[in-house]
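The block underneath contains the structure these notes are about, expressed in structure tokens.
Residue numbers (this note's numbering): 1 to 366.
Here you go:
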């Protein structure tokens, strides 16, 4: 088990607890974290909102539509929010690893280099001149040019174009996502070397998530452990480290701030939140006995309640008739202060959504 002090310091680094600098806007939150896992779009917006007190879902949505937050496949074969200033060097650094991870599916779907190049060029042409098209519209374009677009095939064709820096997210059209040309959405900037990118990624990771390990960086970034070590070695001047029980933890805060003895801090998270998915050692967060509950299916397995960095239950939310129903199921009885903190976290979610909430908290009978 990782010491509780490490967990508390991570909450501060992640800007989920007081004690560190504050971000000024949604884009700054994303840039602080380098990337925010975002296949659960609503959960990713809330992940940004939790780290920006006083912000709303509408604020994050507006930032996305303006392009100060982008959504693309990077790091691993899944969507992430990234800042415009970071998208190109992150893609250059991590896209080869994602392509390698996708290689089996490319072969299975008969997506050879020739077809992918042709698809990329066709998508690029369709999006020229500020066109923002949905996936369905891009599918029609590809079919018109004789490129087969079965459901899986279309997903990998678009992902390939994202990884090659051809397309990225455009503004939403109602509830639908659109794609845009990256070169039109983000002005070109001077490229950095691979070693510079490794240094920047390592520095950003341990600043926003430390104390953490080299293995954590490798797991989160999709890079090899060797590359993660190279990044740490290059970023050493901006990092510090300590060894606890034989494990080396890297971080960027020499003051070693902790949350201390203040009232319990509670958060309602998605399992894709960066606090959950950034670390290789899941027991530090999930706790013995809760792993099975975390892996449940449906929404009840997607959202978890956390107190002082440890999982205490699961939660769900339902929107109906202008109201927001939040249901929290606790895995064990909490002390009164922790119980109040959980309720307060639900109210913060309601404020973020700008909706009145109907809150129900259930505990075990034993």
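Backbone N, C-alpha and C fix where the C-beta goes; we use that ideal spot for every residue, glycine too. All values reported here derive from a predicted model rather than from experimental measurement.
- Around the beta carbon of residue 312, 16 or more other beta carbons sit within 10 angstroms, so the residue counts as buried.
- Comparing C-alpha distances from residue 212 to each of 204, 250, 99 shows the shortest one belongs to 250.
- Secondary structure note for residue 47: its alpha helix (DSSP H) is the uninterrupted segment 41-50.
- Residue 15 places its beta carbon less than 8 Å from that of residue 51.
- Within the DSSP bridge table, the entry for residue 206 names no partner.
- When DSSP states are grouped into helix, strand and coil, residue 181 belongs to the strand group.
- Straight through space, the alpha carbons of residue 345 and residue 337 are spaced by roughly 12 Å.
- Pairing residue 147 with residue 122, the inter-Cα distance amounts to about 10 Å.
- Residue 91 places its beta carbon 8 Å or farther from that of residue 35.
- Judged by beta-carbon spacing, residue 333 lies within the 8 Å limit of residue 364, meaning their Cβ atoms are closer than that value.
- Going by DSSP, residue 164 is part of no alpha helix (DSSP H) at all; its letter is neither H nor E.
- A distance of 8 Å or more separates the beta carbons of residue 37 and residue 28.
- Residue 160 holds the alpha-carbon nearest to the alpha-carbon of residue 79 among 340, 190, 160, 187.
- Excluding its 5 nearest sequence neighbours in each direction, residue 238 has C-beta neighbours in its own chain below 7 Å: 203, 252, listed in chain order.
- Rounded to whole angstroms, the gap between the alpha carbons of residue 103 and residue 112 is 10 Å.
- Beta-carbon to beta-carbon, residue 185 and residue 67 are separated by about 5 Å, close enough to satisfy the 8 Å threshold.
- Here the segment 272-282 does not lie against the segment 313-325, with fewer than 3 beta-carbon pairs under 8 Å apart.
- For residue 232, there is no enclosing beta strand (DSSP E); the enclosing alpha helix (DSSP H) has its first and last residue at 225-235.
- Apart from sequence neighbours up to five positions away, the residues of its chain that approach residue 273 with a beta-carbon distance below 6 Å are 47, ordered along the chain.
- Of the candidates 322, 324, 330, 323, 330 places its Cα closest to the Cα of residue 306.
- In this structure, the straight-line span from the alpha carbon of residue 152 to that of residue 335 is close to 48 Å.
- Burial of residue 126 is indicated by the presence of at least 16 other C-beta atoms within 10 angstroms of its C-beta.
- In the assembly as shown, residue 143 is an exposed residue. Its beta-carbon has fewer than 16 other beta-carbons within 10 Å.
- With 16 or more other CB atoms across the displayed protein chains lying within 10 angstroms of its CB, residue 149 is buried.
- Your pair residue 179 and residue 165 does not check out as a contact, with CB atoms roughly 13 Å apart and the cut at 8 Å.
- In this structure, residue 12 and residue 20 form a Cβ contact; the two beta carbons are roughly 5 Å apart against a cut-off of 8 Å.
- Looking only at 77, 76, 83, the smallest Cα-Cα distance to residue 69 is reached by 83.
- One alpha carbon belongs to residue 172, the other to residue 235, and they sit about 37 Å apart.
- According to DSSP, residue pairing for residue 329 in a beta bridge involves 314, 362.
- Going by DSSP, residue 334 is part of no beta strand (DSSP E) at all; its letter is neither H nor E.
- With respect to the 8 Å criterion, residue 158 and residue 182 are not classified as neighbours on the basis of their beta carbons.
- Under the three-state reduction of DSSP, residue 69 is assigned to coil, being neither helix nor strand.
- Distance from residue 93 to residue 201 at the Cβ level is roughly 7 Å; contact confirmed, criterion being Cβ atoms closer than 8 Å.
- Annotation: the continuous beta strand (DSSP E) that includes residue 244 extends over 240-244.
- For residue 279, there is no enclosing beta strand (DSSP E), as DSSP marks it with neither H nor E.
- Pairing residue 10 with residue 140, the inter-Cα distance amounts to about 46 Å.
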